[in-house]
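Participant: First to last, the protein sequences are chains A and B.
First residue of the first sequence? That's 11 in our numbering, and the numbers climb one at a time after it.
First residue of the second sequence? That's 4 in our numbering, and the numbers climb one at a time after it.
All C-beta atoms in this analysis are idealised placements derived from N, C-alpha and C, irrespective of residue type, glycine included.
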Amino acid sequence: MTSFGQKYPGGPGAEPLDIGTHYNFAYLDEQTKRMIRRAILKGLAVPGYQVPFASREMPMPYGWGTGGVQVTAAVLVPEDVLKVIDQGADDTTNAVSIRKFFERTAGVAVTGRTQDATVIQTRHRIPETPLTADQILVYQVPIPEPLRFLEPSETETRRMHALQDYGLMHVKLYEDIARHGAIATSYAYPVMVAGRYVMDPSPIPKFDNPKLEMDAIQLFGAGREQRIYALPPHTRVVSLDFEDYPFEPSKADHACALCAATGSYLDEIITDDAGGRMFVCSDTDFCQSRLSGATP
Amino acid sequence: MTPLLSVQGLSKSYGRHVGCLDVSFDLWPGEVMGIVGESGSGKSTLLNCMAGHLAPDAGRVMFDTRAEGPVDTLRLSEPARRMLTRTDWAFVHQHARDGLRMGVSAGGNVGERLMAVGARNYAGIRASAVDWLDRVEIDAGRVDDRPGTFSGGMQQRLQIARNLVTGPRLIFMDEPTGGLDVSVQARLLDLMRGLVRRMGLSAVIVTHDLAVVRLLADRLMVMKDGRVVESGLTDQVLDDPQHGYTQLLVSSVLQV
Chain A
11 MTSFGQKYPG GPGAEPLDIG THYNFAYLDE QTKRMIRRAI LKGLAVPGYQ VPFASREMPM
71 PYGWGTGGVQ VTAAVLVPED VLKVIDQGAD DTTNAVSIRK FFERTAGVAV TGRTQDATVI
131 QTRHRIPETP LTADQILVYQ VPIPEPLRFL EPSETETRRM HALQDYGLMH VKLYEDIARH
191 GAIATSYAYP VMVAGRYVMD PSPIPKFDNP KLEMDAIQLF GAGREQRIYA LPPHTRVVSL
251 DFEDYPFEPS KADHACALCA ATGSYLDEII TDDAGGRMFV CSDTDFCQSR LSGATP
Chain B
4 MTPLLSVQGL SKSYGRHVGC LDVSFDLWPG EVMGIVGESG SGKSTLLNCM AGHLAPDAGR
64 VMFDTRAEGP VDTLRLSEPA RRMLTRTDWA FVHQHARDGL RMGVSAGGNV GERLMAVGAR
124 NYAGIRASAV DWLDRVEIDA GRVDDRPGTF SGGMQQRLQI ARNLVTGPRL IFMDEPTGGL
184 DVSVQARLLD LMRGLVRRMG LSAVIVTHDL AVVRLLADRL MVMKDGRVVE SGLTDQVLDD
244 PQHGYTQLLV SSVLQV
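This is the structure:
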């Protein structure tokens, strides 16, 4: 079991360092947070549109969630309860570090329980438990531009978005079918947002794509690429496909080896050198709630 | 009858250097217009201005659209012009690499325009792609190969298939046979002549190869220093050139 709220430095039980006088609330200065909030509001006003913002240096390397962290910092208030997941898990390195970062710099309460959190920062998953209208889901995005590997020029991709020139996106799916007999894209599956912008939903498995139409606000932050985009609640999100090759959210064809759930996204865990493997829920909170008998 | 394309007073200069100056002509449905001239005579500038790749300084390019009749394409909104360039217009580049997506299979290349205008049926798109590969004499078995594995002539034919798949009415060609050896050129010309005749296409072909215009073009314009110095029926201009430069051009062709 992960334990939350450990004191740092010095491990469990140690008194927290008094950092209140050294850092502004949630690390970023207020002007920066205002700048990011403006980008977020613009993103919410134009769902799926990538809003450029002046991404800051964060005390972690690019690719570790600097975009998500900045968005989280900009939306956090002292009363918030924060949950951070990495590929669905609360206890992996990235999730633990980011959670500790905000415990330390914002002093907010943290949790592993999806339904208790008010802000959830995620890397590459949407929690299995449906989110509610008073929650915010913040995604860490490595490459916000869905057209990037089809058209290398940023100038040209922005023009393509402006003119809704999205034929190329389907060329990629066509190539998938021609080469593999099916749409082989299994994560970062492109979606059409509100009938206007094609958006990269960050590298979530395509199993999660149908969940993008939800009650909660979804914010996407790409730190290195300096882009923020957003999905307001109940925005229409359609995964791109062909009439004769419709979109299919897929997962490993097993039940969870721990909690026996059949409808959750599974990780494949290699258990020995003899080919032993097991499939378990990627959402650790969901799995543990089921095991402990609580309704997730 | 209204001309399909009517160019009026088109001018484009690069600073003090003249690209093309005060060019006007009408292109009628089903007609093929050839534009010849030496390098730097402004023929490619003219073509790119007409096709919307360059913004001319003055002039109008009226195109007879299916829905609204003649419109000035230079004043069209960018989305409307892009729509035109992937439905009613086609552009064949001299270098196939400029007009193809080299990282995408032949089928994907042909299908792109269909998908760009909303085709969402994989089987249908693939069937059109195979059909078009067949029409340009590329083996259907190569539909999933990338253009990089094709010969120069095949790449050029693939580019033509990719352009014609949406059934355009007007095709711009910039030196379509440049850089190909003569036997491949001959087959390509034969193919283009067949396609133009069968589909009732109108075409504007820019070339410095008089043999190409002799074979393909109904009418001919000769350009020199950005100006049109002579125009008329192809055979008339080539057999009885009036302007000094045209006479030079015609007499410079190597006889074998």
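Measuring only the C-alpha atoms, how far is A:Ser212 from A:Arg300?
Facilitator: So the two alpha carbons sit approximately 27 Å from each other.
Participant: Classify B:Arg78 as buried or exposed, calling it buried when 16 or more other Cβ atoms lie within 10 Å of its own Cβ.
Facilitator: B:Arg78 should be labelled exposed.
Participant: Using a Cβ-Cβ cut-off of 7 Å, state whether B:Ser170 counts as contacting chain A.
Facilitator: First, the residue type needs correcting, since residue 170 of chain B is Gly and not Ser in the sequence shown. Answer no: the Cβ-Cβ gap between B:Gly170 and chain A never drops below 7 Å.
Participant: Can you give the beta carbon distance from A:Ala262 to A:Phe289, rounded, assuming they're within the 8 Å contact cut?
Facilitator: So it is a contact: roughly 5 Å between Cβ atoms.
Participant: Does B:Ser131 come within less than 7 Å of chain A when only Cβ atoms are used?
Facilitator: Answer no: the Cβ-Cβ gap between B:Ser131 and chain A never drops below 7 Å.
Participant: For B:Val185, which of helix, strand or coil comes out of DSSP?
Facilitator: Correct three-state label for B:Val185: helix.
Participant: Could you pull the start and end residues of the alpha helix (DSSP H) that B:Asp75 belongs to?
Facilitator: No alpha helix (DSSP H) holds B:Asp75; the beta strand (DSSP E) holding it covers Gly72 to Asp75.
Participant: Taking B:Asn166 as the query, report the chain A residues whose CB atoms sit under 7 Å from its CB, ordered along the chain.
Facilitator: By Cβ distance, chain A contributes nothing, its closest Cβ being about 14 Å from B:Asn166, past 7 Å.
Participant: Answer yes or no: does any C-beta atom of chain B fall closer than 7 Å to that of A:Gly20?
Facilitator: The pLDDT assigned to A:Gly20 is 41, lower than 50, so where the model puts this residue is not dependable; a value taken from the coordinates is nonetheless given after this. For A:Gly20, the answer is no, since every Cβ of chain B falls outside 7 Å of its Cβ.
Participant: Identify whether B:Asp134 lies in helix, strand or coil by the three-state DSSP scheme.
Facilitator: If DSSP states are grouped into helix, strand and coil, B:Asp134 belongs with the helices.
Participant: A:Ile348: which of A:Met202, A:Val85 and A:Arg237 sits nearest, CA to CA?
Facilitator: With chain A represented from 11 up to 306, any question about residue 348 of chain A goes unanswered, as that position is not in the structure.
Participant: Quick check on B:Asn124 - is its C-beta less than 7 Å from some C-beta in chain A?
Facilitator: Yes, B:Asn124 lies at the interface with chain A (some Cβ there is under 7 Å from its Cβ).
Participant: Does any C-beta atom of chain A lie closer than 7 Å to the C-beta of B:Arg84?
Facilitator: No, B:Arg84 lies away from the interface with chain A (no Cβ there is under 7 Å from its Cβ).
Participant: Starting from the Cα of B:Gly111, find the closest Cα among A:Lys110, A:Gly177 and A:Leu250 and give me that residue.
Facilitator: Considering only alpha carbons, the answer is A:Gly177.
Participant: Need the endpoints of the alpha helix (DSSP H) that A:Cys297 sits in, please.
Facilitator: Run containing A:Cys297: Thr294 to Leu301, per the alpha helix (DSSP H) assignment.
Participant: Closer than 7 Å, CB to CB, is B:Gln258 near chain A or not?
Facilitator: It does not; no Cβ of chain A falls within 7 Å.
Participant: Note down, in chain order, each residue of its chain lying with its Cβ closer than 7 Å to the Cβ of A:Leu276, except the 5 sequence neighbours on either side.
Facilitator: Here the set comprises Lys261, Ala262, His264, Cys266, Phe289, Val290, Cys291 and Ser292.
Participant: Determine the closest residue to A:Gln125 out of A:Tyr197, A:Asp210, A:Ala64 and A:Asp144, with distance taken between C-alpha atoms.
Facilitator: Cα-wise, what sits closest to A:Gln125 is A:Asp144.
Participant: Quick one: does A:Asp254 have its CB under 7 Å from some CB of chain B?
Facilitator: So yes, A:Asp254 belongs to the interface.
Participant: At 8 Å on the CB atoms, spell out the chain A contacts of B:Asp137, in chain order.
Facilitator: By Cβ distance, chain A contributes nothing, its closest Cβ being about 17 Å from B:Asp137, past 8 Å.
Participant: DSSP three-state call for A:Pro306: helix, strand or coil?
Facilitator: Confidence is the limiting factor: at A:Pro306 the pLDDT is only 46, short of 50, which leaves the residue's position unreliable, though a coordinate-based value still follows. Reduced to three states, the DSSP call for A:Pro306 is coil.
Participant: Beta-carbon within less than 7 Å of A:Met202's beta-carbon, same chain only, minus the 5 sequence neighbours each way: which residues are those?
Facilitator: Val208, Val248 and Leu250, listed in sequence order.
Participant: Classify A:Ile153 as helix, strand or coil using the three-state DSSP reduction.
Facilitator: A:Ile153: coil per DSSP, three-state reduction.
Participant: Among the residues of its own chain, which have a CB less than 6 Å from the CB of A:Ser13, if the five just before and after it don't count?
Facilitator: Model confidence at A:Ser13 stands at a pLDDT of 48, short of 50, so the residue's coordinates are unreliable; what they give is reported in the following sentence. Around A:Ser13: no qualifying Cβ.
Participant: Beta strand (DSSP E) containing A:Tyr239: first to last residue?
Facilitator: Unbroken beta strand (DSSP E) run through A:Tyr239: Arg237 to Leu241.
Participant: So, do the region 205-214 of chain B and the region 167-182 of chain B have three or more beta carbon pairs nearer to each other than 8 Å?
Facilitator: The region 205-214 of chain B is in contact with the region 167-182 of chain B.
Participant: So which residues of chain A does B:Ile128 contact, with C-beta pairs closer than 7 Å?
Facilitator: Those are Tyr184, listed as they occur along chain A.
Participant: Answer with yes or no whether the minimum CB distance from B:Ala119 to chain A is below 7 Å.
Facilitator: Output row for B:Ala119: interface = yes.
Participant: Check A:Leu92 in the structure and name its three-state DSSP category.
Facilitator: The answer is strand: DSSP assigns A:Leu92 an E or B state.
Participant: Could you check if B:Leu251 is buried or exposed, using at least 16 other CB atoms within 10 Å of its CB as the buried criterion?
Facilitator: B:Leu251 comes out exposed.
Participant: On the CB-based measure, 16 or more other CB atoms within 10 Å of its CB, does B:Leu236 come out buried or exposed?
Facilitator: Per the 10 Å Cβ criterion, exposed.
Participant: Note down, in chain order, each residue of its chain lying with its Cβ closer than 8 Å to the Cβ of B:Thr68, except the 5 sequence neighbours on either side.
Facilitator: Cβ neighbours of B:Thr68 beyond the five flanking positions: Val74, Leu87 and Asp91.
Participant: Report the start-end ranges of each alpha helix (DSSP H) in the region 14-72 of chain B that is 4 residues or longer and not cut off at the edges.
Facilitator: 46-53, all fully within the region 14-72 of chain B.
Participant: Entirely within the region 199-262 of chain A and at least 3 residues each: give me those beta strand (DSSP E) ranges in chain order.
Facilitator: Counting only runs of 3 or more, we get 201-203, 207-209, 227-232, 237-241 and 247-249.
Participant: Using the Cβ count rule (16 or more neighbours within 10 Å means buried), how would you classify B:Ser255?
Facilitator: It counts as exposed.
Participant: Mind checking which residues open and close the alpha helix (DSSP H) that includes B:Glu140?
Facilitator: First-last for B:Glu140: undefined, no H or E at that position.
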